[in-house]
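K.L.:
Following this message is one structure expressed as structure tokens.
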């Protein structure tokens with residue numbers, strides 16, 4: 245009988261190395277063996293790491309094990325990009341501290357979310373938690389004042405590209421960019437998630453449960469570790485539909501677990517906010533790919549939120565979707581069908597809410613004429629039926 249390959253072994257050597265670099269020190273031996281083994285295309289890995297903003301982290305994990313065959317121009321690019329990333333992270337920490345101090349002086353309560361909150365708590369530095377966006381949350385009544393105050397300290401709003409009226413019903417204001425050229429956006433949130441999401445987890449809960457931390461010259465609230473972990477699961481498995489953000493989600497999950505999680509409290513939050521299935525899938529994939537350790541009894545209870553049918557197929561589909569590759573799913577409809585089979589929104593109490601129905605950039609929301617019935621959709625995709633079949637066969641075994 246042929247043994248089933250590990251989920252990790254289904255990835256390309258470059259994707260495998262990138263994923264292992266998100267793991268704890270327990271992945272060191274396998275990471276070193278892969279780096280020395282001669283399979284990795286280092287130029288391709290550099291492109292993938294840069295896309296994930298992971299260049300400095302990956303280079304720190306593998307530089308002692310790269311073989312002499314690594315092209316010198318790629319080594320030089322890794323070293324240069326890692327140095328720039330670390331310098332930018334230090335600048336970002338100072339920039340956020342000064343920004344918070346400006347909001348503090350105006351009496352505006354502010355909460356750090358996602359990467360910023362993780363950087364100052366479980367990671368201990370912005371260099372150890374790379375990010376493309378900084379997310380700040382303020383009470384809705386303070387939103388307009390905070391948006392104006394941020395622009396007073398060098399966060400620039402491109403009103404032509406991001407008109408305010410487009411964001412009137414959004415959970416955040418138009419993105420702001422650093423006028424000094426930092427490659428990071430700042431998003432000011434009124435709420436955690438888009439209106440209509442099925443979870444009911446709001447900013448008020450995070451403010452109420454949060455603790456105050458100092459960042460440079462300023463202070464902000466940060467959520468508890470349990471709420472940060474829950475939000476990580478929701479963001480990856482629901483907002484991003486298991487399609488991207490895996491590298492950061494898995495790495496954040498391991499950092500939070502290592503810092504200490506009250507699992508009884510986490511399970512209670514997951515039940516209250518209908519997030520058991522998204523938590524289960526984030527934990528399952530992180531366990532399979534980077535060895536994240538969640539108590540078996542917690543996984544067993546969270547796993548009751550989904551049926552056992554198609555778990556293997558959904559898992560293999562999610563692994564293929566993590567990074568751009570020729571083997572990614574060829575169909576938006578199939579992608580959504582497999583996501584639904586994994587998350588099981590009806591069973592999870594999500595009602596009719598689906599991520600793509602709340603996404604302004606989803607094709608059918610940009611162009612309503614694309615909201616076709618099943619027969620029309622099937623006819624339009626008929627020429628690609630062979631691609632669909634090959635994909636389904638590939639994830640079925």
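In the numbering used here, the protein residues as written are 245 to 641.
Idealized CB from N, CA, C, for every residue including glycine.
Quick caveat, the model's predicted, so the values are computed rather than measured.
Using a Cβ-Cβ cut-off of 7 Å (strictly less than) and excluding sequence neighbours within five positions of residue 599, which residues of its own chain qualify?
P.N.:
Locating residue 599 in the chain shown gives position 355, counting from the first residue. The beta carbon of residue 599 is closer than 7 Å to those of 482, 483, 485 in its chain, skipping five residues each way along the sequence.
K.L.:
Considering only the beta carbon of each residue, do residue 556 and residue 524 sit closer than 7 Å?
P.N.:
Translated into the one-based positions of the chain shown, residue 556 becomes position 312. Translated into the one-based positions of the chain shown, residue 524 becomes position 280. No. Outside cutoff.
K.L.:
Quick check on this structure: which residue in 377, 426, 317 has the alpha carbon closest to the alpha carbon of residue 288?
P.N.:
If you number the chain shown from 1, residue 288 lands on position 44. Nearest C-alpha to residue 288: 317.
K.L.:
Could you check whether residue 381 and residue 355 sit closer than 7 Å to each other, using their CB atoms as the reference points?
P.N.:
Position 111 of the chain shown, counted from the start, is the residue given in the question as residue 355. Position 137 of the chain shown, counted from the start, is the residue given in the question as residue 381. Closer than 7 Å, so yes.
K.L.:
Could you pull the DSSP bridge partners for residue 495 from this structure?
P.N.:
Locating residue 495 in the chain shown gives position 251, counting from the first residue. Paired residues: none, contrary to the question.
K.L.:
Hey, could you find the ends of the beta strand (DSSP E) residue 455 is sitting in?
P.N.:
Translated into the one-based positions of the chain shown, residue 455 becomes position 211. It spans 455 to 459 - the beta strand (DSSP E) in which residue 455 sits, taken as one unbroken run.
K.L.:
Flag residue 508 as yes if its beta-carbon sits less than 7 Å from any beta-carbon of chain D, otherwise no.
P.N.:
Although the question refers to chain D, the structure presented lacks it and comprises just one protein chain.
K.L.:
Run through DSSP, which three-state label would residue 322 get?
P.N.:
Locating residue 322 in the chain shown gives position 78, counting from the first residue. If DSSP states are grouped into helix, strand and coil, residue 322 belongs with the helices.
K.L.:
Under the rule that 16 or more other beta-carbon atoms within 10 Å means buried, what is residue 637, buried or exposed?
P.N.:
Taking the chain shown and counting its residues from 1, the one referred to as residue 637 is at position 393. It is exposed - the Cβ of residue 637 has fewer than 16 other Cβ atoms within 10 Å.
K.L.:
Do the region 489 to 502 and the region 441 to 455 touch if we need at least three Cβ pairs shorter than 8 Å?
P.N.:
no
K.L.:
Taking 6 Å as the cut-off, does the CB of residue 630 come closer than this to any heavy atom belonging to the ligand HEM?
P.N.:
As presented, the structure is devoid of all ligands, the ligand HEM included, so that no description of it is given.
K.L.:
Do the region 530 to 543 and the region 570 to 579 touch if we need at least three Cβ pairs shorter than 8 Å?
P.N.:
No: the two stretches stay apart, fewer than three of their Cβ pairs being nearer than 8 Å.
K.L.:
Measure from the alpha carbon of residue 562 to the alpha carbon of each residue in 640, 519, 508, 537, then state which is nearest.
P.N.:
Against the chain shown, residue 562 aligns to sequence position 318. Residue 562 has its Cα closest to that of 640, out of 640, 519, 508, 537.
K.L.:
Is the CB-CB distance between residue 526 and residue 558 below 7 Å?
P.N.:
As a first step, residue 526 must be located in the chain shown, where it is residue number 282. As a first step, residue 558 must be located in the chain shown, where it is residue number 314. No, these two residues do not count as a Cβ contact at 7 Å.
K.L.:
What is the DSSP secondary structure of residue 382, reduced to helix, strand or coil?
P.N.:
If you number the chain shown from 1, residue 382 lands on position 138. Residue 382: coil per DSSP, three-state reduction.
K.L.:
Under three-state DSSP, which class holds residue 421?
P.N.:
The count along the chain shown starts at 1 and reaches residue 421 at position 177. Strand, per DSSP.
K.L.:
For residue 386, tell me which candidate among 273, 267, 417 has the shortest Cα-Cα distance.
P.N.:
As a first step, residue 386 must be located in the chain shown, where it is residue number 142. Among 273, 267, 417, the Cα nearest to that of residue 386 belongs to 417.
K.L.:
Leaving out five residues before and five after residue 268 in sequence, what residues of the same chain have Cβ atoms less than 6 Å from its Cβ?
P.N.:
Taking the first residue of the chain shown as position 1, residue 268 is located at position 24. Same-chain partners within the cutoff: 498.
K.L.:
Given this structure, state the Cα-to-Cα distance separating residue 384 from residue 428, to the nearest angstrom.
P.N.:
Here residue 384 corresponds to residue number 140 of the chain shown, with the count starting at 1. Here residue 428 corresponds to residue number 184 of the chain shown, with the count starting at 1. So the alpha carbons of these two residues sit roughly 24 Å apart.
K.L.:
Whole angstroms is fine: what's the gap from residue 479's alpha carbon to residue 273's?
P.N.:
Here residue 479 refers to the residue found at position 235 of the chain shown. Here residue 273 refers to the residue found at position 29 of the chain shown. When rounded, the distance between both Cα atoms is 30 Å.
K.L.:
When you compare the region 456 to 466 with the region 334 to 347, are there three or more beta-carbon pairs, one atom per stretch, that lie closer than 8 Å?
P.N.:
yes
K.L.:
So, residue 398 versus residue 375, is the Cβ gap smaller than 7 Å?
P.N.:
Along the chain shown, read from residue 1 onward, the residue named residue 398 stands at position 154. Along the chain shown, read from residue 1 onward, the residue named residue 375 stands at position 131. It is not a contact, given that the beta carbons lie outside the stated cut-off.
K.L.:
So for residue 465, helix, strand or coil by DSSP?
P.N.:
Working through the chain shown from its first residue, we reach residue 465 at position 221. Three-state result, residue 465: strand.
K.L.:
For residue 440, which of 414, 430, 307, 329 has the nearest alpha-carbon?
P.N.:
Locating residue 440 in the chain shown gives position 196, where the first residue counts as 1. Answer by Cα proximity: 414.
K.L.:
Run the CB neighbour count on residue 517, radius 10 Å, all protein chains shown included, and call it buried at 16 or more, exposed below.
P.N.:
Here residue 517 is taken as the residue at index 273 of the chain shown, counted from 1. The residue is buried, with at least 16 neighbouring Cβ atoms inside 10 Å.
K.L.:
Helix, strand or coil for residue 559 per DSSP?
P.N.:
Indexing the chain shown from 1 puts residue 559 at position 315. Correct three-state label for residue 559: helix.
K.L.:
So what does DSSP say about residue 486, is it helix, strand or coil?
P.N.:
The residue given as residue 486 occupies position 242 in the chain shown. Residue state, collapsed to three classes: coil.
K.L.:
Ends of the beta strand (DSSP E) at residue 400?
P.N.:
For the purposes of this step, residue 400 is taken as the residue at position 156 of the chain shown. Run containing residue 400: 399 to 401, per the beta strand (DSSP E) assignment.
K.L.:
Considering only residues of the same chain and omitting the five flanking positions on each side of residue 299, which have a CB-CB separation below 6 Å?
P.N.:
Taking the chain shown and counting its residues from 1, one reaches residue 299 at position 55. Same-chain partners within the cutoff: 293, 325, 326, 329.
K.L.:
Under the rule that 16 or more other beta-carbon atoms within 10 Å means buried, what is residue 367, buried or exposed?
P.N.:
Position 123 of the chain shown, counted from the first residue, corresponds to residue 367. Buried, because 16 or more other Cβ atoms sit within 10 Å of the Cβ of residue 367.
K.L.:
Could you check the C-alpha separation between residue 489 and residue 591 for me, to the nearest Å?
P.N.:
Counting from 1 along the chain shown, the entry for residue 489 is found at position 245. Counting from 1 along the chain shown, the entry for residue 591 is found at position 347. Roughly 25 Å between the two C-alpha positions.
K.L.:
Whose C-alpha, out of 430, 462, 466, is nearest the C-alpha of residue 447?
P.N.:
Taking the chain shown and counting its residues from 1, one reaches residue 447 at position 203. Checked all of 430, 462, 466; the closest Cα to residue 447 is 466.
K.L.:
Would a C-beta distance cut-off of 7 Å place residue 419 and residue 431 closer than the cut-off?
P.N.:
What you label residue 419 is simply residue 175 of the chain shown in a count that begins at 1. What you label residue 431 is simply residue 187 of the chain shown in a count that begins at 1. Against a cut-off of 7 Å, the Cβ pair of residue 431 and residue 419 comes out as a contact.
K.L.:
Could you give the uninterrupted runs of the alpha helix (DSSP H) lying entirely in the region 529 to 579, keeping only those of 4 residues or more?
P.N.:
540 to 547, 555 to 565
K.L.:
Determine the extent of the alpha helix (DSSP H) in which residue 429 is found, giving its start and end residues.
P.N.:
As a first step, residue 429 must be located in the chain shown, where it is residue number 185. That residue, residue 429, is in no alpha helix (DSSP H); its beta strand (DSSP E) goes 429 to 433.
K.L.:
Can you say whether residue 615 is buried or exposed, counting buried as having 16 or more other CB atoms within 10 angstroms of its CB?
P.N.:
Here residue 615 refers to the residue found at position 371 when the chain shown is read from its first residue. Here residue 615 scores only 47 on pLDDT, less than 50, and its place in the model is too uncertain to base an answer on.
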